[in-house]
Amino acid sequence: MIRRHPIVATVVGIPLVLTLTLATLASLWLAGVQIPGASAARWFTITKTANADYTPIPDKPVFILVIGNDGRTGQTVTRGDAIHLIGVNPALHQATMLDLPRDTALPIPGHGTDKVNASHAFGGPRLEADTIGAAFGVQIPYVVDTDFDGFIGMVDDMGGLTVNVPYRMQDSFSGADFQPGVQKLDGHQALSYARNRHQFPNSDLTRTQNQGYLILQALTQFRAANTGPIGTLDLLADLGRHARLDGVGLKDLYGLGRLGLSIDPAQVKNVLVPVVSGSGSNLALGPGAASLFQDFADDGVLQTH
Amino acid sequence: MSPSLSSSLSRRAWSAALLATVVLAACSSGGSSKATSTTTVAPTARVRVTPGQVTVVSAGPAAQLADADRDAVFAAVGSYVQDATVAPLEGKQVPDLASHFTATAAPALQGAERDALLDTDLPRATGKITPALQPVNLHALADPGGAIDLVGSTLDLTVQANAKGGPITIHRSGELMFTRDGGTWKILSFRLAVTRDGAGLGTAGSTSSTTKAGS
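As structure tokens, this is what we get:
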């Protein structure tokens, strides 16, 4: 039996803040060139989907999909398990993060209906973005996709991630072993925090929410550094050494990064998409999902949820 | 996170100070002394840009900011400050400030951040205008191929002037991010704070205000 390892949403905080901004440097990888002296460790891939042309128009929201896949060394087919769609409204400086359980069954273009995480195996982050974009009613121009090692390396390079563990967390499957309280997690610990689900009665739902929490903590941490435009260039340089950019340019990432840093985490709603039991181990979108997506799609902000 | 900086300090930065294209000679004066009894000559001033450190961080091999780009960005800083702060005090028609910004950044001139970007709503100076710009440091990002399309600059400007109601002091500081746009360097984003102080700002004694803008 294969244990799933949704990576974390941390990637999300990074997308909003660093990833988006910093991934700039990954241009080297884009060109297929190994950066001299750069670490071989890759944190994630940032993909600009077809026809995506992000322009920071005040009234135009931007949607970013953050995926934590279950890939490990030597694995070629991976599932996109940790799924978080972020909508950012530049004018309102507000954002929404919708967390979607991996077992949710959705129509996957060209592949019938299946668990949403399978779309990653079928067609990588682009197909997963197409699948989720169609279900949510939005166009997703950017996808940030990370795996186990990438997540660990990213958190470690950040100097760890400070979280407030609300209760005793102990789970042998994920390796989570935390006392309640504020503490700084290294990469491995953060991964175990993000993977922990066996401890919870509702399993993946709580885990998915915890991942969202990690993402917001990452955003909080980045904002606390109060990085200005010039400092953002340093972040981009660092990120670029650890990312693969697929169709994304430095100026894109700079703009997205500055946008991400302009969002107060307190202005980010973290909402779990409502799901119900479906056939077999599948979940199905639950009552309220359609209106949630409608509320979200117009401006990236939830007014009625 | 400890960014790995492959910084290169431009030794030529100092020599750049000598370049007429970059350094605008200070020539502030209250020219009214030469005015005739029937003509008032408005005070004028030029902002002098003193190049500071130039560093480059790169996603790939070490890179350097080309002299022409370095000088162009220094000039862009000086030109923006001249048009946004000094020209209004001179009572001149303010140039099209949007030309200093990219199309995506220019809307900020009409929004809530306008007050931090320019000084068009201040009283006209009646006496000497003295702009003092601290040395401008540049920090650039090179892409893996060595191309540089993003250059950040520091900004620390103090302008002193006398208006009808008394002295005015404007202090504007922060960072500007420049990018190539149509063959020139334009402001892509900014983080600025401006403080205005002095009796000349209002008719009822000294007033002071501080505005921050940008992210």
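First to last, the protein sequences are chains A and B. Quick note: the first sequence uses our numbering, first residue 689, plus one each step. Quick note: the second sequence uses our numbering, first residue -19, plus one each step. Note that the Cβ used here is the ideal one computed from N, Cα and C, for glycine as well.
DSSP assignment within the segment 790 to 834 of chain A yields the following whole alpha helix (DSSP H) runs of 4 residues or more, N-terminal first: 806 to 824. Residue burial is scored here from C-beta neighbours: A912/A has fewer than 16 other C-beta atoms within 10 angstroms and is therefore classed as exposed. DSSP places T82/B in the coil class of the three-state scheme, outside both helix and strand.
Per DSSP, V61/B lies in no beta strand (DSSP E) segment; the continuous alpha helix (DSSP H) that holds it begins and ends at 47 to 61. Across the set V959/A, G974/A, V964/A, V963/A, the C-alpha of V959/A shows the shortest separation from the C-alpha of T992/A. Distance from the Cα of L794/A is smallest, within the candidate group G974/A, H930/A, V843/A, for G974/A.
The Cβ of L849/A sits no closer than 8 Å to any Cβ of chain B. F751/A and I828/A do touch by the CB rule: their CB atoms are close to 5 Å apart, below 8 Å. Counting along the chain, P917/A sits inside the alpha helix (DSSP H) bounded by residues 917 to 928. The alpha-carbon of F910/A is positioned some 7 Å away from that of L949/A. H876/A sits in a helix when the DSSP states are folded into three classes.
Taking a cut-off of 8 Å for Cβ pairs, the segment 785 to 804 of chain A and the segment 836 to 848 of chain A do not touch, as fewer than three such pairs fall below it. The beta carbon of G178/B lies closer than 7 Å to those of G146, P147, I148, T149, S186 in the same chain, with the five residues before and after it left out.
Cβ neighbours of D859/A within its own chain (closer than 6 Å, five residues either side excluded): N884, H886, Q887. Under a criterion of Cβ atoms nearer than 8 Å, the residues of chain A adjacent to E155/B are, in order, G916, P917, I918. A Cβ-Cβ separation of about 32 Å leaves I128/B out of contact with A25/B under the 8 Å criterion. Counting only Cβ-Cβ distances below 8 Å, R171/B has contacts in chain A at G916, P917, in chain order. Against chain A, the CB of T175/B has no partner CB under 8 Å away; the residue lies outside that interface. For K736/A, the enclosing beta strand (DSSP E) starts and ends at 732 to 736.
Residue range 116 to 122 is occupied by the beta strand (DSSP E) that includes N117/B, with no alpha helix (DSSP H) assigned at that position. Under the three-state reduction of DSSP, E93/B is assigned to coil, being neither helix nor strand. Those residues of the segment 94 to 120 of chain B placed with their C-beta closer than 7 Å to a C-beta in chain A are H119, ordered along the chain. For D136/B, the three-state secondary structure derived from DSSP is strand. At a Cβ-Cβ threshold of 8 Å, T65/B and K166/B do not count as neighbours. As a beta-bridge residue in DSSP terms, V959/A pairs with L786/A.
Here the segment 47 to 57 of chain B lies against the segment 118 to 135 of chain B, with 3 or more beta-carbon pairs under 8 Å apart.
Beyond the five residues adjoining it in sequence on each side, V74/B comes within less than 6 Å, by CB distance, of A67, P68, T100 in the same chain, given in chain order. Using a CB distance cut-off of 8 Å, A64/B does not count as an interface residue toward chain A. Excluding five sequence positions before and after G40/B, the CB atoms of its chain that fall closer than 6 Å to its own CB belong to P124, given in chain order. Taken through DSSP and simplified to helix, strand or coil, G988/A comes out as coil. The beta carbon of H119/B sits closer than 6 Å to those of T35, G132, all from its chain and outside the five residues before and after it, given in chain order.
The beta-carbon distance between G768/A and T834/A, rounded to whole angstroms, is 10 Å. This is too long to meet the 8 Å contact definition. In the DSSP annotation of this structure, the continuous segment of the beta strand (DSSP E) that includes M157/B starts and ends at 146 to 161. Of the other Cβ atoms in all chains shown, fewer than 16 fall within 10 Å of the Cβ of D76/B; this residue is therefore exposed. For the segment 132 to 159 of chain B, the residues whose beta carbon sits under 9 Å from a beta carbon of chain A are, in order, G132, S133, T134, G154, E155, L156, M157, T159.
Taken residue by residue, none of the segment 882 to 905 of chain A has a beta-carbon sitting less than 7 Å from a beta-carbon on chain B.
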